[in-house]
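Per the UniProt record's numbering, the sequence shown starts with residue 1, numbered consecutively.
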Amino acid sequence: MKKNVLGRGLESLIPKNETKAPVGEIDLALIYANANQPRTRFDQEPLDELVASVKEKGIIQPIVLTRTDEGYMIIAGERRFRAAGLAGLKKIPAIIRNVESEAERLELALIENVQRQDLGAYELAAAYKNLMEQHGYTQEEVAKVIGKSRSAVANTLRLLNLPPKVLDAMREDLITEGHARALLGIEDEKKTITALKKVIEGCLSVRETERLVAKLKKEPAQKSDKPAAADVFLMGLKDELEEFFKTRITLKTAKNGGTIEIKYSSDDELDRIIKRIRGEE
């Protein structure tokens with residue numbers, strides 16, 4: 001069941017009048033991350049910078065937690081939580097929120113990360129998909145949650161249609177969202193992978209990638225190296241016939257049927273083949 005936080009943004013996490021919010025110091029040992037939070041990567045360099053800041057000034061903005069049977073689950077602020085631990089802190093300032101459903105936890109975590117611009121395009125798309133598939137949201141409802149247009153949500157979700165290798169490149173920051181959107185213009189998967197390699201190896205800009213995509217789209221689709229199912233069947237049948245007749249067999253397919261040619265090199269061999277057909281051998 002979806003909660004009434006649609007479109008409310010960070011005020012649903014941290015009230016405007018923070019003096020009235022239930023802020024306390026929570027032991028780091030009692031806090032754990034939400035396994036379903038939308039952010040999946042924490043780059044080391046920005047984290048190191050935050051650790052240095054925490055050592056000098058402490059945690060300025062409290063993280064947001066919800067109480068569970070296991071302790072306190074992070075709703076917002078996992079990077080600050082990690083930095084606090086690395087900086088040697090034992091406790092961290094936190095706001096405790098009563099969040100009952102997993103859908104609302106994901107909503108609030110998504111809101112915070114989106115408004116802080118902490119998520120990459122792949123993480124955003126995966127989070128949108130999670131809300132829709134696991135919690136029954138529509139694109140319109142997702143758009144209201146994060147304060148974006150439905151078309152923006154739809155365009156982000158389209159990125160998940162890219163081949164797995166492209167999605168991996170996005171996750172690893174080898175290409176940007178702009179590169180990925182350009183690659184969406186290629187329908188042939190092999191061409192898409194070819195373009196991806198050229199983008200990464202050539203350090204192409206988004207504009208250069210768009211030109212590459214336009215060029216590849218004009219070329220005929222690359223033929224798959226993998227044989228079709230019908231070809232695999234015929235190859236197996238040919239092997240069986242050659243084993244049965246002990247001679248070379250040629251299979252020729254046509255639009256409406258085909259032919260089977262049985263090769264023989266002497267009258268004796270022909271006689272042997274005929275006997276095999278009649279079951280006399």
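Just so you know, even glycine gets a beta-carbon here, dropped at the ideal spot from N, CA and C.
Backbone CA spacing between residue i and residue j [nearest angstrom]
i	j	result
GLU153	ARG82	Note on identity: in this sequence residue 153 is Val, with Glu being the wrong assignment. Cα-Cα distance, rounded: 30 Å.
GLU187	ALA180	13 Å
residue 326	ARG80	The first residue shown for the chain is 1 and the last is 281, placing residue 326 beyond what the model contains.
SER101	LYS191	43 Å
ILE95	VAL199	44 Å
SER266	ILE274	13 Å
ASP268	LYS165	58 Å
VAL213	LEU110	32 Å
GLU49	LYS215	42 Å
ALA21	GLY77	Note that ALA21 scores 49 on pLDDT, short of 50, meaning its location in the model is unreliable; the coordinates nonetheless yield the value given after this. One C-alpha to the other measures close to 16 Å.
LEU47	SER53	10 Å
GLN139	LEU131	9 Å
GLU141	MET170	26 Å
LEU270	GLY258	22 Å
ALA125	ASN155	9 Å
PHE233	ASN256	17 Å
GLU243	GLY120	58 Å
ILE182	TYR122	Inspection of the sequence shows that residue 182 is occupied by Ala rather than by Ile. One C-alpha to the other measures close to 15 Å.
residue 292	GLN44	Nothing can be reported for residue 292: it is not among the residues displayed for the chain, which extend from 1 to 281.
SER151	GLN61	33 Å
LEU196	GLU281	59 Å
Range of the contiguous alpha helix (DSSP H) that encloses residue i
i	result
GLY120	From DSSP, GLY120 is part of no alpha helix (DSSP H); its letter is neither H nor E.
THR259	From DSSP, THR259 is part of no alpha helix (DSSP H) but of the beta strand (DSSP E) over 257-262.
ASP27	Counting along the chain, ASP27 falls outside any alpha helix (DSSP H), though it belongs to the beta strand (DSSP E) covering 23-27.
LYS246	That residue, LYS246, is in no alpha helix (DSSP H); it is neither H nor E in DSSP.
GLY71	Element bounds for GLY71: not the alpha helix (DSSP H) but the beta strand (DSSP E), 71-76.
ASN155	150-158
First and last residue of the uninterrupted beta strand (DSSP E) at residue i
i	result
ARG67	63-68
LYS91	91-96
Closest residue to residue i among the options (Cα-Cα distance)
i	options	result
ALA33	TYR122, GLY71, ALA254, LEU196	GLY71
GLU261	ARG248, ASN98, LYS255	ARG248
ALA29	ILE74, LYS217, ASN155	ILE74
LYS90	LEU108, ASN130, GLU25	GLU25
CYS203	GLU189, ASP173, GLY185	ASP173
ILE175	ILE146, THR209, LYS55, VAL145	THR209
THR253	GLU243, GLU281, LYS238	LYS238
ALA35	ARG105, ASN98, VAL99, ARG67	ARG105
THR68	GLN61, ASN98, MET235	ASN98
PHE245	LEU251, GLY236, TYR264, MET235	TYR264
LYS57	ALA84, GLN44, ILE31	ALA84
CB-CB length for residue i against residue j, believed under 8 Å
i	j	result
VAL64	ALA87	Not quite, the Cβ-Cβ distance comes to about 19 Å (not below 8 Å), so this is no contact.
LEU157	TYR128	6 Å
PRO93	VAL206	Contact doesn't hold; Cβ gap of about 41 Å is too wide.
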